[in-house]
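Positions in the sequence shown are counted from 1; adding 42 to them yields the working numbering.
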Amino acid sequence: MDQFFPRPAQKDILTYRGGTMGVSAVPGSGKTWTLSYLAAELIYSGCLQDDQEVLVVTLVNSAVINFSQRISSFLAGFGLLPSLGYRVRTLHGLAHDIVKERPELAGLDNSFQIIDEREADRIREDAVYNWLQKNPHQIDSYLLEDLNTKKIESLLQKQIPDLLNQISLQFIRTAKNLQLSPKTIQKSLESSIPDLPLVNLGLDIYSAYQRNLEFRGAVDFDDLINKAYQDLTYDSALLDRLQDKWPFILEDEAQDSSLLQQRILGLLADQRNQKNWVRVGDPNQAIYESFTTADPKLLNEFISSADRKYLLPNSGRNTNTIISLANYLVDWCNNDHPTPEVRDALYPNKILPTPEGDYQPNPESNPDQIHLHDEVLSPDKELALVGSSVSRWLEKNPHKTAAVLVPRNDRGKKIAGLLRDQFNIEPVELLNSTLATRKTTGSLVRIMSYLIDPGSSKKLAAVYEVWKRELQTNQAAWSDVKNITTLLLTIKEPELFLSPGPSPDWLISLSDVSEDTIKQLTLFRQIITKWHQAILLPVDQLILTIAGDIFFTPDELSLYHKIATFQKQLSTQHPDWELPSLLDELKSLARNERRFFAGGEGDQFKPEEHKGKVVITTAHKAKGLEWDRVYLMSANNYNFPSGSSEDSYISEKWFI
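Here is the structure:
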């Protein structure tokens, strides 16, 4: 059994046996431990009948595993079977369970698909492209007047489609959260007096996006929530059965729930006018609010009206100096923020250190542990400053953990590159994708580019370098590789090397080359011939065939297996796609344009496994993670504007 020593604030929460309870928890206050132990106690205390469960709802898959393991451990300690009496689901997982009960109510068949974010992005991008093709001048009135035709054509290649894609994403998400279908919005527009061109734009793209999903018999994650709510409101027998099955609902990370998600849980908890619903979260850590329809004010309102309301204020995660700084920032926002309209954005929670004798005492305070660098820096100078500091600190602290937090993935890529190039430090990347993923995918891109265009000697030579890439660190050996690639570049007709047939064999015609060169080219020809034969296989099998010839470590082979699975999914979703279309997706991964976590979900990351190294990640992805030393980059009014007159911040696109 996991050892749990509840603090006084946690003991109060563990007395809960029914009704509504709202808990505002500060970072590092042990809310996961508290909810897990409460679930186990509700089961142990006999609050459930034999066929009932405590439903624990959380945000991400890694948290599901975490809760399940802890509840199981606590139940085993109580002498109970560790796998009975509870169910842990993400909000989307719960919605899927509900829809699967009665898919026909939601207009779906039993084999409906759920598309992931990557596929949703692709469908929306296609809808934006088609809209621009049909309406090439519709947005002209929003562009700067002095833009010439050539500049507008250039913007239409990428920047304008990217902007419209961002607008349409928010339009679609908001519409679905408000349960507004394209037809509903269309009816409202017909009765509106003013012309609303941006709403019409969003509606056109929303309609095209939704038609694409319906054609596939698919739903996205927002649809899943919407249709689960529909099922519960249309089928009272289903709702009654689920209410009886889950008499207690414990919700984690409640600050990141949307209105519709809250309504689903509210329906499930509303049993004969008795709601047994516990919501725990930190309203000041609502990171999903910035890119989804999550709304932390919903949690604040729930806490205000709950039967019981508590704070989890104690945290042993930080020193008192860091706690004081965090509390000051909340006070400043609530009382002195230059923009009065946002002074209610943060909940007035005070982080408190842990009580004396606590199992997690706060680290010893030292004023030097907080360093505010107030010198005005250029982006490049900031990179150099942080890189130098990281290098010095890692050298002195090989058994500690460190992280650099950046506002955006592209900034993380730059600091990672600087650490490698100037300080010979290999960082651990927790960005859209890691360097290892991009390099491995880049190798595959070169190989598949050649297989699509086998008449290119330039691409053939690039494949040879991929095949011999492990020799790059050996200057003499790499020089030999370069000599052979130079030879391959001279081939005017690569088929004379690969499949000479009755034609002269290019390899035999070589003179003044060493026996080793002939040997290496002969082996290379065998490999290339094998790949050409494999090109008729399904794309995932082709990729695994290539991987077996050029990758040998378990990590590399595991990564290639995930890439192969990803490509197989794309091929299934797009049966009309041939190798060039699939290759385009690989290129996006290699350029860090698509999110791809090779080791599984990014939220399963464990900093303690990377002692003596520095982790590069965004401030969003760092939520809930802990390091001994943290660099917060770009802490300025450009990236974090406050609305003051001195701000110089990221505003509208320059061409608007």
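In this text, a Cβ means the ideal position worked out from N, Cα and C, and glycines have one as well.
- Excluding its 5 nearest sequence neighbours in each direction, Q252 has C-beta neighbours in its own chain below 7 Å: P224, listed in chain order.
- Excluding five sequence positions before and after W173, the CB atoms of its chain that fall closer than 6 Å to its own CB belong to D246, I247, given in chain order.
- Residue burial is scored here from C-beta neighbours: S66 has at least 16 other C-beta atoms within 10 angstroms and is therefore classed as buried.
- Apart from sequence neighbours up to five positions away, the residues of its chain that approach T527 with a beta-carbon distance below 7 Å are A503, Y506, E507, ordered along the chain.
- With distances taken between CA atoms, L586 lies nearest to Y602 out of Q575, E598, Y602, I577.
- Around the beta carbon of L414, a 10 Å sphere encloses fewer than 16 other beta carbons of the protein chains shown; the residue is thus reported as exposed.
- Here Q313 is buried. Its C-beta has 16 or more other C-beta atoms within 10 Å.
- Annotation for S66: the continuous beta strand (DSSP E) segment containing it runs 62–67.
- Apart from the 5 residues on each side of it in sequence, E406 sits with its Cβ closer than 8 Å to the Cβ of T361 in its chain, given in chain order.
- Non-local beta-carbon contacts of F290 in its own chain, meaning distances under 6 Å to residues more than five positions away in sequence, involve L84, V96, N318 in chain order.
- Excluding sequence positions up to five before and after N408, its CB lies within less than 8 Å of the CB of T361, T363, all in the same chain and listed in chain order.
- Of the residues F46, A137, W548, the one whose Cα lies closest to the Cα of G119 is F46.
- Within the same chain, Y271 come within 7 Å of R305 by CB-CB distance, once the 5 residues on both sides are set aside.
- In this structure, the alpha-carbon of I165 lies about 7 Å from that of N254.
- Residue pairing by DSSP places W319 opposite T62, I291 in a beta bridge.
- L473 is a Cβ neighbour of N451, given a cutoff of 7 Å.
- Taking the Cα of D378 as reference, the smallest distance to any Cα among S684, D689, D44, R59 is reached at S684.
- Assigned with DSSP and collapsed to three states, E471 falls in strand.
- Going by DSSP, K351 is part of the beta strand (DSSP E) stretching over 350–354.
- The criterion of a C-beta distance shorter than 7 Å is satisfied by A250 and A169.
- The continuous alpha helix (DSSP H) containing V581 extends over residues 581–592.
- Between I692 and G454, the C-beta spacing is not below 7 Å.
- Distance from F566 to W509 at the Cβ level is roughly 6 Å; contact confirmed, criterion being Cβ atoms closer than 8 Å.
- For R450, there is no enclosing alpha helix (DSSP H), since its DSSP letter is neither H nor E.
- The criterion of a C-beta distance shorter than 7 Å is not satisfied by V102 and A445.
- Residue environment: V418 is assigned as exposed (fewer than 16 neighbouring CB atoms within 10 Å of its CB, all protein chains considered).
- Under the DSSP assignment, R671 falls in the beta strand (DSSP E) whose first and last residues are 671–674.
- Around the beta carbon of N466, fewer than 16 other beta carbons lie within 10 angstroms, which makes this residue exposed.
- Comparing alpha-carbon positions, the option among D282, V106, Y128, P145 lying closest to C89 turns out to be Y128.
- Under the three-state reduction of DSSP, L97 is assigned to strand.
- R164: member of the alpha helix (DSSP H) spanning 159–176, first to last residue.
- Residue environment: R283 is assigned as exposed (fewer than 16 neighbouring CB atoms within 10 Å of its CB, all protein chains considered).
- Inter-residue distance for I194 and E187 is about 11 Å (C-alpha atoms, whole angstroms).
- Scanning R350, Q303, L354, D237 for the CA closest to the CA of S71 turns up L354.
- Counting along the chain, V657 sits inside the beta strand (DSSP E) bounded by residues 656–660.
- At least 7 Å separates the beta-carbon of K665 from that of I412.
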